Amino acid sequence: GDSVTQMEGPVTLSEEAFLTINCTYTATGYPSLFWYVQYPGEGLQLLLKATKADDKGSNKGFEATYRKETTSFHLEKGSVQVSDSAVYFCALSESGNTGKLIFGQGTTLQVKP
Amino acid sequence: DAGVIQSPRHEVTEMGQEVTLRCKPISGHNSLFWYRQTMMRGLELLIYFNNNVPIDDSGMPEDRFSAKMPNASFSTLKIQPSEPRDSAVYFCASTRGGSTDTQYFGPGTRLTVL
């Protein structure tokens, strides 16, 4: 079945460092890909998404490119801030148009001043 | 838009008691999802509905868990009887239902079973 694998955390960075969180997927068909972020004590919220191969999603300085050839959707940010400390989830849409998402296990990011 | 609304935000109960969690999805959304999040198991999908009909309940851990969606604007997740291992944060999410559509999450209900 469809699945998502994320790099294990926690990831600890200093402020202004470059961030990469790896995400690879296995899917039949052509899923959409998503990154969600969860701040402490809150629900998940969409960070960015890409709906077809070679699309780049971007938001709040974060970017991810849908790479069909490597089945990847890595999250990047050029300069992280303390306020970016959160848990990041990669997800794909299950085929069948139900809106169901398959989530990775989440990666905790801690940014130190 | 008010977003997905969940109640209560916090629930503390004793083992053996019945617990009912409530969710109001975003108006116009056709799919609704119930998740459970714990440190040990991460984020788990329990059940989801499409047009008020349960589509997949394979994530429901035991018969003690049940979920209903009597209309497009309301869903409940019930645990009867509750056990300490049910302690978790329960999230409700809704979406229009297409494969490109965003799931919108509620703030969650933090359940503690003593």
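Order-wise, the sequence lines are chains D and X. Under my numbering, think of the first position of the first sequence as 225, with each following residue one higher. Under my numbering, think of the first position of the second sequence as 529, with each following residue one higher. Ideal Cβ positions, reconstructed from N, Cα and C, are used throughout, including at glycine. Remember, predicted model here, so these are calculated numbers, not experimental data.
1. For V581 (chain X) and M597 (chain X), I'd like the C-alpha separation in whole angstroms.
2. Confirm the yes/no value for this check: CB of G626 (chain X), any heavy atom of the ligand ATP, distance under 6 angstroms.
3. I believe F561 (chain X) touches A621 (chain X) by the beta-carbon criterion, under 8 angstroms. Please report the beta-carbon distance rounded to the nearest angstrom.
4. Give a yes or no on whether 7 angstroms exceeds the smallest Cβ distance from G323 (chain D) to chain X.
5. Just to make sure I have the definition right: I need the residues of chain X whose C-beta is within less than 9 angstroms of the C-beta of E266 (chain D). Which are they?
6. Give the secondary structure of D629 (chain X) by DSSP, where H, G and I count as helix, E and B as strand, and everything else as coil.
7. Cβ of G556 (chain X) less than 7 angstroms from any chain D Cβ?
8. Could you tell me which chain A residues have their CB closer than 7 angstroms to the CB of G626 (chain X), listed as they occur along the chain?
9. Looking at the structure shown, is P234 (chain D) part of a helix, part of a strand, or coil, going by DSSP?
10. Strictly under 7 angstroms for the Cβ-Cβ distance: is Q329 (chain D) near chain X by that measure?
11. Is the Cβ of L270 (chain D) closer than 7 angstroms to any Cβ of chain X?
12. With a threshold of 7 angstroms between beta-carbons, can D585 (chain X) be considered close to chain D, or not?
13. Is the segment 294-312 of chain D touching the segment 236-253 of chain D in the sense that three or more CB pairs, one from each, lie closer than 8 angstroms?
14. Apart from the five residues just before and just after R550 (chain X), which ones in its own chain have a Cβ nearer than 6 angstroms to its Cβ?
15. In chain D, what lies closer than 7 angstroms to F593 (chain X) by C-beta?
16. Please state whether DSSP places V306 (chain D) in a helix, a strand or coil.
17. Which residues in chain X sit within 8 angstroms of S282 (chain D), going by Cβ to Cβ distance?
18. Taking the Cβ atom as the reference point for each residue, do P234 (chain D) and Q329 (chain D) lie within a distance shorter than 7 angstroms?
19. Using a C-beta to C-beta distance shorter than 7 angstroms, which residues of chain D count as neighbours of F602 (chain X)?
20. Hey, would you say T331 (chain D) sits closer than 7 angstroms to Q269 (chain D), going by beta carbons?
21. With a threshold of 16 other CB atoms inside 10 Å of the CB of S317 (chain D), please say whether the residue is buried or exposed.
22. State yes or no: is the C-beta of S227 (chain D) within less than 7 angstroms of the C-beta of T250 (chain D)?
23. Would you say T252 (chain D) faces chain X, with C-beta separation under 7 angstroms as the test?
24. For S317 (chain D), decide whether its Cβ has a neighbour in chain X, counting only Cβ atoms nearer than 7 angstroms.
To lay it out plainly:
1. 7 angstroms
2. The model on display carries no ligand, and the ligand ATP is accordingly not part of it.
3. 4 angstroms
4. yes
5. F633, P635 and G636
6. coil
7. no
8. In the structure shown, chain A does not exist; the protein chains are D and X.
9. coil
10. yes
11. yes
12. no
13. yes
14. S535 and T604
15. Chain D residues near F593 (chain X): none, gap ~18 angstroms exceeds 7 angstroms.
16. helix
17. In chain order: nothing, as chain X lies at least about 15 angstroms away.
18. no
19. Neighbours of F602 (chain X) on chain D: none; closest Cβ ~18 angstroms, over 7 angstroms.
20. no
21. buried
22. yes
23. no
24. yes
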